[in-house]
Amino acid sequence: MKKTYHLCLSAGDEVMFRDPEDYYRGFNCFALALYKTGSTGLVESFMSTHTHQLIQASDPSGFMYCFRQSYCMYFNHKYRRKGRLGEDKHFSIEIVGHHHTIAAASYVLRNALHHGVAPTPYAYPHCSANAIFRKEMGKFFDEKLLQQKSYARHIGKRADYPDSYKMAASGVFTRESVLDIPQIEALYSTPRAFNFYMSRKSSEEWEAEQNKDGNGMSAVNLGSIEKGVGMHTTNRMLIFEAGKADYRKMSDIELCTELDTMARIRYGRHSVYQLTINERQEIAENLYRVMRLSESQIRRCLLMPK
């Protein structure tokens with residue numbers, strides 16, 4: 019019997035998704051794992067260091083094993099890296115009841131906002147916020163679709179997927195073809211209500227509403243959703259939620275793309291994973307001095323332990 023779960027896989031101080039191709043492959047691996055395990059995808063968000071997923075599954079651990087194994091194989095091959103990618107064990111919460119589910123879905127969709135990466139959930143491309151009430155929210159643009167014979171380039175020749183999955187020209191399965199969008203739209207009832215939850219501030223009132231479900235479970239809040247990540251404190255994420263973040267600063271995806279290009283062109287390496295400690299230190303000092311990036315961002319993008 020399927021139950022609803024919030025799953026989170028974190029890479030800790032490492033970056034899991036370094037460029038746009040990684041984000042696309044990450045979602046594709048997510049989609050393939052759903053099909054392989056007979057699970058249902060509801061909403062998701064892929065950040066540079068972690069991913070949040072709300073799914074319905076009979077074996078959530080089996081789903082996560084399929085997802086992380088396939089993505090890790092791709093990532094290690096691309097960057098000539100070895101070993102497991104991500105923390106030893108993923109974080110999981112069972113979600114039960116209407117208010118519990120709507121809170122969990124909302125926090126997943128608002129993840130970029132809480133990490134200071136985007137001013138609204140709709141401004142972040144690597145989550146499913148823009149797939150919900152898409153036409154009603156005025157999002158009419160449809161990316162050109164690839165022919166099925168071209169899918170293998172983006173998921174591998176042996177990948178198994180249903181005919182219902184459609185792939186955009188950018189090489190990523192469309193969220194509308196993978197996720198159970200009608201179920202999520204029914205959860206929020208109307209576009210207006212959905213928009214309200216995407217901008218609603220975290221509060222004790224929101225937590226109190228979840229008690230109406232009578233499931234005897236702790237309320238979902240920012241602290242519980244982000245428990246397995248540990249990237250920012252709850253107070254800092256609440257500051258970001260209020261819109262107090264510098265969205266002009268260089269993002270992880272922009273910095274990592276630049277660093278891997280530098281590793282190839284300037285140092286003759288395949289990626290930052292092949293750089294020596296001295297080479298990384300040289301790059302780090304220059305970034306800190308010239309671009310004034312934070313030490314924590316430089317360290318995670320250059321794979322420099324604290």
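For the sequence shown, the working numbering gives the first residue as 19, with consecutive numbering after it.
Heads up, the beta-carbon is just placed ideally off N, CA and C, and yes, glycines get one too.
These figures come from a predicted structure and were not determined experimentally.
Reference residue i, options the options, closest by Cα
i    : options                  : result
E276 : D264, S289 and R266      : S289
Q166 : N148, F191 and E154      : F191
K245 : E105, E32, Y89 and F212  : E105
D77  : N253, T55 and F35        : T55
G101 : K107, I173 and M91       : M91
Y142 : E313, G234, M65 and A122 : M65
G44  : V33, Y89, E32 and Q299   : Y89
Contact belief for residue i with residue j at Cβ below 8 angstroms, rounded distance in angstroms
i    : j    : result
D231 : V114 : 7 angstroms
V238 : H118 : 6 angstroms
A51  : F81  : 5 angstroms
L25  : S110 : 5 angstroms
V53  : Y179 : The amino acid at residue 53 is misidentified as Val; the sequence shows Tyr. Yes, they are in contact, since the Cβ atoms of Y53 and Y179 sit about 6 angstroms apart, within 8 angstroms.
DSSP-derived helix/strand/coil call for residue i
i    : result
G286 : coil
I150 : coil
Y306 : helix
Q165 : coil
S79  : helix
A260 : coil
M185 : strand
L273 : helix
H132 : helix
Burial state of residue i (16 or more Cβ within 10 Å)
i    : result
M185 : buried
D264 : exposed
H95  : exposed
I73  : buried
F158 : exposed
G295 : For the sequence presented, residue 295 should be read as Ile rather than Gly. Its Cβ having fewer than 16 others within 10 Å, I295 is exposed.
N46  : buried
I150 : buried
Residue i, enclosing alpha helix (DSSP H) - first and last residue
i    : result
S217 : P209 to S217
P139 : Counting along the chain, P139 falls outside any alpha helix (DSSP H), and DSSP gives it neither H nor E.
H117 : H116 to L127
F35  : Note, F35: premise wrong, no alpha helix (DSSP H); not H, not E.
Y291 : Premise fails: Y291 is in no alpha helix (DSSP H) and is neither H nor E.
H250 : Segment: none, H250 is in no alpha helix (DSSP H) and carries neither H nor E.
G241 : L240 to I243
C319 : E313 to L320
N-terminal and C-terminal residue of the beta strand (DSSP E) that residue i is part of
i    : result
C26  : K21 to S28
G59  : T58 to F64
S110 : F109 to I113
Cβ-heavy atom distance, residue i to the ligand COA, below 8 angstroms
i    : result
M322 : Questions concerning the ligand COA fall outside what the structure shown contains, since it holds no ligand whatsoever.
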